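So the structure is just underneath, and the comments pick up after that.
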DNA sequence: CCTTACGTTAACGTTAACGTCAATTTATTT
DNA sequence: AAATAAATTGACGTTAACGTTAACGTAAGG
């Protein structure tokens, strides 16, 4: 059971894989988001760390702070099967879901705004093109007639 | 034409309306995101400022920096109808759209993750409840038989 | 006139999230 | 063994986005 052939990673590998500096990765450890093992003095990252780093960066792209990300990790980790903990977990998760949903709504509003602006700009641009076309209509019309 | 009965706002009104400090609002001005008029020394905000403030806060909820938000505003404002500007505007807008779309994807991945965790927690909780129910089955079964 | 509420500028403080050395150690290649 | 590459631990610097405090102005109400 539980014998996943899991690779290990050096800090440099993670760094280049995810395009973050090693400084950042160490900071994430200091912030208790990653807990790499040691091989002597060197950090040795497991598959779990790999996954977590991906989650961290995804969180960052959504504008979350390291503290918020840690809260989620802790939440998930503290799942010890006790009813109180489970209930609390569910509550917290629901809170997060709400935030995500409203964030999604913000994005959709933004996309709508963008689209309106794009449409207007396109319209303005088309008008300009039409003017130009008229300005060169002699050549153009010949082509059209042919 | 163009005679929209537009209200004006004091900094305090905006502050309480959007639940941000006046300090923040002044900072947004300093960052050239808002350009309120003056009535003597006091700032007087127009409907346009009102709308922009809403946009600013939406941007912030999406994790954007004030500089990024300003870039968008500038972009939008610089729409002078020249072809080069229009083209540039469209390019930039497309860039923004890509970011928004990928951000949306991040959110959906997060929501999926959440749902998986919730499902598991629910399952674990249900099992606990079932155990409890068995423990009190005498009373329960009477009710069911009746 | 005095108080109260609201607003102003200016300046310093703070926190988060890193960047940037510097000095040293460890591992690998030649 | 010597050189090179990759890591390590401090420690200090930096930027963004405000918070906080001080010292003062202004307008309204009692």
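Residue numbers (my numbering), protein chains in the order written: chain D, 1 to 146; chain A, 1 to 146. For each residue, glycine too, the CB sits at the ideal point set by N, CA and C. Predicted model, so just to flag it, every value in this text is computed and none were measured.
With a CB to CB cut of under 8 Å and the five nearest residues on each side skipped, what residues in its chain are close to residue i?
i                      : result
residue 79 of chain A  : 85, 86 and 89
residue 18 of chain A  : 53, 54 and 57
residue 115 of chain D : none
Can you find a C-beta in chain D that's less than 8 Å from the C-beta of residue i?
i                      : result
residue 110 of chain A : yes
residue 70 of chain A  : no
residue 19 of chain A  : no
residue 98 of chain A  : no
residue 2 of chain A   : Only weak support exists for where residue 2 of chain A lies, its pLDDT of 49 falling under 50; the coordinates are left without a value.
Cβ of residue i less than 8 Å from any chain A Cβ?
i                      : result
residue 63 of chain D  : yes
residue 8 of chain D   : no
residue 128 of chain D : yes
residue 76 of chain D  : yes
residue 80 of chain D  : no
Taking the alpha carbon of residue i as the reference point, which residue from the options has its own alpha carbon closest?
i                      : options                    : result
residue 109 of chain D : A/116, A/61 and A/120      : A/61
residue 127 of chain D : A/67, A/125, A/83 and A/44 : A/83
residue 68 of chain D  : D/24, D/33, D/129 and D/44 : D/33
residue 118 of chain D : A/37, A/91 and A/43        : A/91
residue 112 of chain D : A/26, A/50, A/21 and A/93  : A/93
residue 39 of chain A  : A/99, A/9, A/27 and A/120  : A/9
Since I believe residue j is in contact with residue i (beta carbons under 8 Å), could you give me their beta-carbon distance rounded to a whole number of angstroms?
i                     : j                     : result
residue 31 of chain A : residue 66 of chain A : 5 Å
Taking its Cβ as the centre, do 16 or more other Cβ atoms sit within 10 Å of residue i, making it buried, or is it exposed?
i                      : result
residue 135 of chain D : exposed
residue 106 of chain A : buried
residue 122 of chain A : exposed
residue 96 of chain D  : buried
residue 59 of chain A  : buried
residue 23 of chain A  : exposed
residue 49 of chain A  : buried
residue 42 of chain A  : exposed
Which same chain residues, not among the five before or five after residue i, have their C-beta less than 6 Å away from its C-beta?
i                     : result
residue 35 of chain A : none
residue 37 of chain D : 44
residue 11 of chain D : 22, 25 and 43
Which residues in the same chain have their Cβ closer than 7 Å to the Cβ of residue i, if we skip the five residues on either side of it in sequence?
i                     : result
residue 7 of chain A  : 47
residue 15 of chain A : 21, 22 and 25
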